[in-house]
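Novice: Just dropping this structure here.
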Amino acid sequence: MLSAQNLHLTFNPGTPIETQALRGMSLDIPAGQFVTVIGSNGAGKSTFLNAISGEQVVDSGAVLIDGEDVTRQPVWDRARKVARVFQDPMAGTCENLTIEENMSLALGRGQFRSLRQAVREEMRVLFRERLAMLGLGLENRLTDRIGLLSGGQRQAVSLLMAALRPSRILLLDEHTAALDPRTAQFVLDLTARIVAEHGLTTMMVTHSMRQALDVGDRTVMLHQGRVVLDVSGDARRGLEVHDLLAMFEKVRGEELADDTLLLG
Amino acid sequence: MSIYSTWGALEIGLIFGLVALGVLISFRVLNFPDLTVDGSFPLGGATAAILIHHGTDPFLATGAAALAAGFAGMVTGWLNVQLKIMDLLASILMMIALYSINLRVMDAPNVPLITDPTVFTVLQPEGLEDYVARPLILLALVVVVKLLLDWFFATQVGLAMRSTGSNPRMARAQGIRTGNMVLLGMAISNALCGLAGALFAQSQGGADISMGIGTIVIGLAAVIIGESILPSRRLMVATLAVVIGAVLYRFFIALALNADFVGLKAQDLNLVTAVLVTVALVIPLAKQRFRKKRS
Numbered sequence: 001m002l003s004a005q006n007l008h009l010t011f012n013p014g015t016p017i018e019t020q021a022l023r024g025m026s027l028d029i030p031a032g033q034f035v036t037v038i039g040s041n042g043a044g045k046s047t048f049l050n051a052i053s054g055e056q057v058v059d060s061g062a063v064l065i066d067g068e069d070v071t072r073q074p075v076w077d078r079a080r081k082v083a084r085v086f087q088d089p090m091a092g093t094c095e096n097l098t099i100e101e102n103m104s105l106a107l108g109r110g111q112f113r114s115l116r117q118a119v120r121e122e123m124r125v126l127f128r129e130r131l132a133m134l135g136l137g138l139e140n141r142l143t144d145r146i147g148l149l150s151g152g153q154r155q156a157v158s159l160l161m162a163a164l165r166p167s168r169i170l171l172l173d174e175h176t177a178a179l180d181p182r183t184a185q186f187v188l189d190l191t192a193r194i195v196a197e198h199g200l201t202t203m204m205v206t207h208s209m210r211q212a213l214d215v216g217d218r219t220v221m222l223h224q225g226r227v228v229l230d231v232s233g234d235a236r237r238g239l240e241v242h243d244l245l246a247m248f249e250k251v252r253g254e255e256l257a258d259d260t261l262l263l264g
Numbered sequence: 265m266s267i268y269s270t271w272g273a274l275e276i277g278l279i280f281g282l283v284a285l286g287v288l289i290s291f292r293v294l295n296f297p298d299l300t301v302d303g304s305f306p307l308g309g310a311t312a313a314i315l316i317h318h319g320t321d322p323f324l325a326t327g328a329a330a331l332a333a334g335f336a337g338m339v340t341g342w343l344n345v346q347l348k349i350m351d352l353l354a355s356i357l358m359m360i361a362l363y364s365i366n367l368r369v370m371d372a373p374n375v376p377l378i379t380d381p382t383v384f385t386v387l388q389p390e391g392l393e394d395y396v397a398r399p400l401i402l403l404a405l406v407v408v409v410k411l412l413l414d415w416f417f418a419t420q421v422g423l424a425m426r427s428t429g430s431n432p433r434m435a436r437a438q439g440i441r442t443g444n445m446v447l448l449g450m451a452i453s454n455a456l457c458g459l460a461g462a463l464f465a466q467s468q469g470g471a472d473i474s475m476g477i478g479t480i481v482i483g484l485a486a487v488i489i490g491e492s493i494l495p496s497r498r499l500m501v502a503t504l505a506v507v508i509g510a511v512l513y514r515f516f517i518a519l520a521l522n523a524d525f526v527g528l529k530a531q532d533l534n535l536v537t538a539v540l541v542t543v544a545l546v547i548p549l550a551k552q553r554f555r556k557k558r559s
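Those protein sequences? They're chains U and V, same order as listed.
Residue numbering for the first sequence follows this note's numbering, starting at 1 and increasing by one per position.
Residue numbering for the second sequence follows this note's numbering, starting at 265 and increasing by one per position.
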């Protein structure tokens with residue numbers, strides 16, 4: 001389904017602020033799998049997601065979705081296959097537009113846009129039905145500006161929007177990080193529900209180790225632009241947060257050891 | 265203020281209503297500060313005047329003027345989207361280039377249209393004075409343009425354009441080619457200004473190289489005045505508000521210049537404009553302070 005092969009990406013090459021964000025990142029995700037991604041700041045999590053969505057073009061390596069090489073495709077061409085929810089609740093929706101207009105934009109993701117009316121009655125029926133799922137009463141507020149909603153509400157609508165049109169991959173970039181704990185849990189439950197309902201192949205970046213283990217089928221840890229840990233199935237079921245932390249320390253420790261060898 | 269100058273203010277106000285609609289698209293919908301207007305307005309005037317002067321049908325000439333100005337707007341968009349030149353700078357470059365282009369188009373600093381037929385002389389009904397007929401014809405046109413824009417912004421393409429201005433990252437993630445949307449929006453915006461220029465030349469008896477100076481300020485003034493008297497986030501209201509803003513603006517100007525006791529003369533026009541815009545910008549702030557004080 002999704003295959004990232006040996007991705008390399010360096011920001012500001014040849015300058016003092018040169019950053020190697022991806023250094024040989026490789027990951028294969030079969031159809032329908034829900035992968036959680038963890039890693040410290042600067043591990044390359046967001047860059048990896050951007051490389052898949054097309055917001056960042058990699059220096060070398062290949063991104064394949066459904067066997068098709070999309071490495072050089074711009075964001076809008078990949079949009080047909082890739083749906084996204086951003087970390088910032090403001091980023092995933094247009095605050096000046098109404099709820100129904102935002103949903104209409106998402107319903108047309110990757111489709112040809114014509115001079116037909118963007119919001120039609122049959123769409124409103126669909127939008128109301130989906131919004132009712134949230135239990136937030138938003139189904140009665142279709143013509144409200146989305147800027148009037150709270151961050152959590154907007155993030156919930158963003159999730160619905162991502163699932164309005166079938167896609168091959170759903171990318172979630174710490175989409176609960178900016179929310180208070182209760183709302184975060186609500187959005188997380190909703191995520192699990194939507195992913196299960198539509199059988200979406202999903203990659204979710206998270207800061208919370210607890211979340212990474214509780215949600216999904218597989219957990220991947222990134223460090224310095226590479227995959228350093230990849231667990232699923234029985235091995236993952238037995239894992240606890242402290243195990244993960246220990247592995248994380250070990251990875252970093254090994255690296256320090258390497259450095260001492262080098263310096264020595 | 266005489267009846268004659270009242271109809272005159274309405275006439276010019278409605279012409280600048282088209283400019284205001286154009287400015288609304290660039291500044292508010294696309295979020296693209298576009299000064300091309302100062303060049304595309306006279307480009308429209310120059311194109312229409314020279315074509316009519318050489319015997320072209322005035323309607324055809326007016327259409328060609330809008331197309332030429334729309335193309336100019338597209339070039340500004342292209343400078344920004346393709347060559348990555350900062351939006352404001354791209355539009356200034358285009359504005360300055362259009363000054364030369366307009367001189368080339370007219371082959372002279374001005375082209376008079378005294379005896380030639382214009383869209384107004386062709387459309388003027390029997391038994392109606394020309395100074396009454398022109399504003400009425402313009403009113404009909406502006407209403408049609410407003411309704412067309414309202415329709416367009418409710419279509420899938422129109423919505424894609426609005427999302428491009430509001431949140432380009434989100435728009436791209438939804439598969440929208442934001443660059444194309446900027447080109448299209450800039451073309452529509454400047455085509456409206458070119459149309460206004462063409463009508464201005466035909467209503468004022470000719471095109472002149474200096475007719476574009478300050479067009480953008482008047483357009484912005486109309487948008488700002490309109491927004492402060494009819495504040496709304498809904499685009500349908502905004503398209504009405506900016507037209508009303510343009511007409512009101514012309515009435516203020518006419519009042520100021522006609523009130524003898526103030527002692528203002530025609531050459532004070534741009535100064536009065538600047539003062540008016542400043543006042544319109546300050547009013548919302550003053551209102552807020554007033555409300556705070558009361559509560």
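Ideal Cβ positions, reconstructed from N, Cα and C, are used throughout, including at glycine.
1) From the DSSP secondary-structure annotation, give me the bridge partner or partners of T201/U.
2) With the cut-off set at 7 Å, would you say G337/V and S453/V are in Cβ contact?
3) Any beta carbon from chain V within less than 7 Å of E101/U's own beta carbon?
4) Under a CB-based cut-off of 7 Å, is S114/U close to chain V?
5) DSSP has N374/V in a bridge; who is on the other side?
6) Grab me the residues of L263/U's own chain with a C-beta within less than 7 Å of its C-beta, minus the 5 sequence neighbours each way, in chain order.
7) Confirm, please, whether the CB-CB distance from V383/V to Q466/V is below 7 Å.
8) Taking C-beta to C-beta, are T93/U and R165/U nearer than 7 Å?
9) With distance defined between alpha-carbon atoms, name the residue in L148/U, D217/U, E240/U nearest to M209/U.
10) Counting only Cβ-Cβ distances shorter than 7 Å, please list the residues of the region 121-132 of chain U near chain V, keeping chain order.
11) Measure from the alpha carbon of M133/U to the alpha carbon of each residue in R226/U, R116/U, A163/U, D144/U, then state which is nearest.
12) Cα-Cα, which of Q5/U, V70/U, S60/U, L136/U is closest to V157/U?
13) Going by beta-carbon coordinates alone, are S364/V and C457/V separated by less than 7 Å?
14) Can you tell me where the beta strand (DSSP E) with R226/U in it begins and where it stops?
15) Measuring alpha carbon to alpha carbon, tell me which residue in M445/V, L387/V, D371/V is nearest N295/V.
16) What does a CB cutoff of less than 6 Å around L352/V pick up in its chain, not counting 5 residues either side in sequence?
17) Hey, how far is the Cα of L261/U from the Cα of A435/V?
18) Using the beta-carbon count (16 or more within 10 Å), is Y513/V buried or exposed?
19) Helix, strand or coil: how does DSSP classify F291/V here?
20) Do V501/V and L494/V have their C-beta atoms within less than 7 Å of each other?
21) Indicate whether at least one CB of chain V lies closer than 7 Å to the CB of V75/U.
22) Kindly list, in the order they appear in chain U, the residues whose Cβ is closer than 7 Å to that of R441/V.
23) Using the Cα positions of D414/V and S427/V, report the straight-line distance between them to the nearest angstrom.
24) Taking any Cβ of chain U, which residues in the region 420-435 of chain V have a Cβ under 8 Å from it, in chain order?
25) What residues from chain U crowd round Q531/V, counting only those whose CB sits closer than 7 Å?
26) Mind listing the chain V neighbours of E240/U? Cutoff is C-beta to C-beta under 8 Å, in chain order.
27) Roughly how many whole angstroms lie between the Cα atoms of D214/U and D189/U?
28) Can you find a CB in chain U that lies within less than 7 Å of the CB of R497/V?
29) Suppose you measure from the CA of S114/U to the CA of L282/V; what does that come to, to the nearest Å?
30) So V85/U is in the beta strand (DSSP E); what residue range does that whole segment cover?
31) Beta-carbon separation of V287/V and L528/V under 7 Å?
32) Run through DSSP, which three-state label would V37/U get?
33) Taking the DSSP output, what are the residues bridged to L222/U?
34) Which term fits S150/U, buried or exposed, when burial requires 16 or more other beta carbons within 10 angstroms of its beta carbon?
35) Could you give the distance in angstroms between the alpha-carbon of V220/U and the alpha-carbon of L126/U?
36) Find out if the Cβ-Cβ distance for the pair V205/U, V228/U is shorter than 7 Å.
Specialist: The answer reads as follows:
1) I169/U
2) yes
3) yes
4) yes
5) D472/V
6) In this prediction, L263/U scores a pLDDT of 48, lower than 50, which makes its location untrustworthy; the coordinate-derived value is nonetheless stated afterwards. Hits under 7 Å: none found.
7) yes
8) no
9) E240/U
10) none
11) A163/U
12) L136/U
13) no
14) 226-232
15) M445/V
16) P297
17) Note that L261/U scores 49 on pLDDT, short of 50, meaning its location in the model is unreliable; the coordinates nonetheless yield the value given after this. Taking the straight line joining both Cα atoms gives about 49 Å.
18) buried
19) helix
20) yes
21) yes
22) W76
23) 15 Å
24) Q420, V421, G422, L423, A424, R426, S427, S430, N431, R433, M434, A435
25) Residues of chain U passing the Cβ test: none, with the nearest at roughly 41 Å.
26) Under the 8 Å cutoff, chain V gives no residues; its nearest Cβ is about 36 Å from E240/U.
27) 11 Å
28) yes
29) 25 Å
30) 82-85
31) no
32) strand
33) V227/U
34) exposed
35) 35 Å
36) no
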